[in-house]
Amino acid sequence: MSLIQRAWETVTPWENIHRDNIAKLNACTGLSWEKHPSPYDGNAGYRAVIKDMVNAEQIEKDSLEKINLALGVDGKKPFTSTIWESRKGIGLGNVVIFLFDEQIHNVDFDKALRLSHKESPKNVIWGKTLG
Numbered sequence: 003m004s005l006i007q008r009a010w011e012t013v014t015p016w017e018n019i020h021r022d023n024i025a026k027l028n029a030c031t032g033l034s035w036e037k038h039p040s041p042y043d044g045n046a047g048y049r050a051v052i053k054d055m056v057n058a059e060q061i062e063k064d065s066l067e068k069i070n071l072a073l074g075v076d077g078k079k080p081f082t083s084t085i086w087e088s089r090k091g092i093g094l095g096n097v098v099i100f101l102f103d104e105q106i107h108n109v110d111f112d113k114a115l116r117l118s119h120k121e122s123p124k125n126v127i128w129g130k131t132l133g
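If you read the sequence shown in our numbering, its first letter stands for residue 3, the second for the next number, and so on.
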């Protein structure tokens, strides 16, 4: 790690927190997460995009409950919404999952990681749809 990078991380500790949260979300869900402003109000958050899915609209409907069951803490639902982006083609679409930064404490990473060791993380959360 360079001296400049170390100095930057010293004055911006929240970047380390975001990087850590993204790594945990990636490991728990098998999806590729990124830091992204909220589509609603511009506040910080995280999003994952599942691209070019057949039946994306149905996956969007099913995914919110599945991911909340797998990652929720004490019955709280960390994920409040998913977005279905329609695309031209043979029923292809993108499913966008968004988690607000302030909701990250509602994610049970330990529980999700235990589940992911039993099966592929994608299969745990998404069923056999993406497997």
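A virtual CB, placed ideally from N, CA and C, is assigned to each residue, including glycine.
How is residue i classed by DSSP in three states: helix, strand or coil?
i, result
"A2", "Given a span of 3 to 133 for the chain in the structure shown, any question on residue 2 remains unanswerable."
Identify every residue that forms a DSSP beta bridge with residue i.
i, result
"I52", "V97"
"E36", "R49"
"F102", "G47"
So, at 8 Å on beta carbons, what are the nonlocal neighbours of residue i in its own chain, with the 5 sequence-adjacent residues on each side left out?
i, result
"D37", "Correcting the residue identity first, residue 37 is Lys in this sequence and not Asp. These residues qualify, in order along the chain: H20, I24, A46, G47 and Y48."
Please return the same chain residues whose Cβ sits closer than 6 Å to the Cβ of residue i, not counting the five positions on each side in sequence.
i, result
"D103", "A46 and G47"
"W35", "I24, L27, N28, Y48 and A50"
To which residues of the same chain is residue i closer than 7 Å at the C-beta, ignoring the five residues directly before and after it?
i, result
"P15", "none"
"S4", "none"
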